[in-house]
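In what follows, a structure is listed as structure tokens, so that the remarks can point back to it.
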Amino acid sequence: MKKRMAAFLGVIGLWAAVGVGCTVIGKTKEYQPFDPSKFHSLTPGKTRAADVTQLFGAPTEVVKLTNGNAYIYRRAVTKGTALWLVLLTLGNFDTQYDQMALFFDSENVLSHYGVSLNAEQTAYGLPFK
Amino acid sequence: MGFPLNKAFIGLWILLWIFATSGCLSYRVLREVEGSPVAAPSETLRIGSTTMQEVLTLYGAPSRIVALEGRDLFMYTQSVYVQNSIAFGIPLTDFAGSSVSFSGYTNLTRYDLLAMVFTPEGILEDMVFEKGSGLPYLETLFKDDSGKKAAPVP
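Heads up: the protein sequence lines correspond to chains V and H, in order.
If you're matching positions, the first sequence starts at 206 in my numbering and goes up one per residue.
If you're matching positions, the second sequence starts at 15 in my numbering and goes up one per residue.
Set out below in structure tokens:
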């Protein structure tokens, strides 16, 4: 009886040692210090490019368009999850962006803009979606 | 020893085998998503009348803005990358001069894409939508398009 119990406990212990997985989670942020809450102060037809750079700083990217320019502000958040189960490895990475695109006419006056704030919607998880 | 004890020892040897070969055999699943989901074009979008500001209000800032010759292009994209890989190897180099190894993998990237072209006046001129993430994984991976011929240019 004692031998059987010892063997059984040994099997359980070894199973626990082998079966325990290794989990890694990580977060990467591509940071740009613009404050999206200030975009309510933008007025198409009045706000100038200089006003925008004073509010939000230097843009991440400038694109020359047909009738003017576009200033793009962008930052990203990536969340990664990795799970190692001896024979099986699972990895999942999710990247989402906060983006503002501001369009200026040939006189550098704001004509329209768009905002997408999705960076905080990144999630940890397994690769089964 | 008794029947239950034999089963325990068999289980022990199986676990030891798994533990010993875990460094030799591995299967990996990796998934990377970049960007937020792209919605299908709304029925409110009208070519020839919808303005750039209306699109920006509906979809937010585009993933990419490109200036074409006399036109402006907005692209909203989401990419989904999936990798499955299996590797098996028995390291014999130290005493046999070479090792036995095998590995295989599949990589597939699918895109959801909404592209809109605007006139210099900011009016929607054309749009294309493709939902690549809805395509089946294995069928898309092993689909052979090499035999298809391009359509003749009119």
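Heads up, the beta-carbon is just placed ideally off N, CA and C, and yes, glycines get one too.
Given the structure is predicted, the values throughout are model-derived calculations rather than measurements.
Notebook entry, point to check: Based on Cα-Cα distance, which residue from H:ILE61, H:ALA101, H:GLY146 and H:SER50 lies nearest to SER117 of chain H?
Noted result: When H:ILE61, H:ALA101, H:GLY146 and H:SER50 are compared, the shortest CA-CA separation from SER117 of chain H is found for H:ALA101.
Notebook entry, point to check: Which residues in chain H sit within 8 Å of PRO332 of chain V, going by Cβ to Cβ distance?
Noted result: The CB of PRO332 of chain V comes closer than 8 Å to the CB of VAL43, LEU44, ARG45 and VAL96 in chain H, given here in chain order.
Check: Given a threshold of 16 other Cβ atoms within 10 Å of its Cβ, counted over all protein chains shown, does PHE132 of chain H qualify as buried or as exposed?
Finding: Per the 10 Å Cβ criterion, buried.
Check: When the Cα of ASN313 of chain V is compared with those of V:THR265, V:GLY215, V:PRO332 and V:ASN274, which residue comes out closest?
Finding: If we check each option's Cα against that of ASN313 of chain V, V:ASN274 comes out closest.
Check: Counting contacts by CB-CB distance shorter than 7 Å, is SER50 of chain H in contact with chain V?
Finding: Contacts with chain V at 7 Å (Cβ-Cβ) include SER50 of chain H.
Next item on the list: Could you tell me whether any Cβ in chain V is nearer than 7 Å to the Cβ of GLN67 of chain H?
Entry: Chain V places a beta carbon closer than 7 Å to that of GLN67 of chain H, counting this residue as a contact.
Check: Could you give the uninterrupted runs of the beta strand (DSSP E) lying entirely in the segment 82-156 of chain H, keeping only those of 3 residues or more?
Finding: Those beta strand (DSSP E) runs which fall completely within the segment 82-156 of chain H and span 3+ residues are 86-104, 114-132 and 138-145.
Next item on the list: List the residues of chain H whose Cβ lies closer than 9 Å to the Cβ of GLY250 of chain V, in chain order.
Entry: The contact set of GLY250 of chain V on chain H, defined by CB atoms closer than 9 Å, is empty, because the minimum CB distance reaches about 11 Å.
Notebook entry, point to check: Where does VAL229 of chain V fall in DSSP's three states?
Noted result: Of the three classes helix, strand and coil, the one that applies to VAL229 of chain V here is strand, per DSSP.
Item checked: Short-range partners of chain H found in the segment 283-302 of chain V, where Cβ spacing is below 8 Å -> Listed in sequence order: VAL291, LEU292, LEU293, THR294, LEU295, GLY296, ASN297, PHE298, ASP299, THR300, GLN301 and TYR302.
Notebook entry, point to check: Do the segment 149-156 of chain H and the segment 121-131 of chain H make contact, defined as three or more Cβ pairs closer than 8 Å?
Noted result: Because the criterion of three Cβ pairs below 8 Å is met, the segment 149-156 of chain H and the segment 121-131 of chain H touch.
Next item on the list: Let me know the secondary structure DSSP gives ARG209 of chain V once reduced to three states.
Entry: Residue state, collapsed to three classes: helix.
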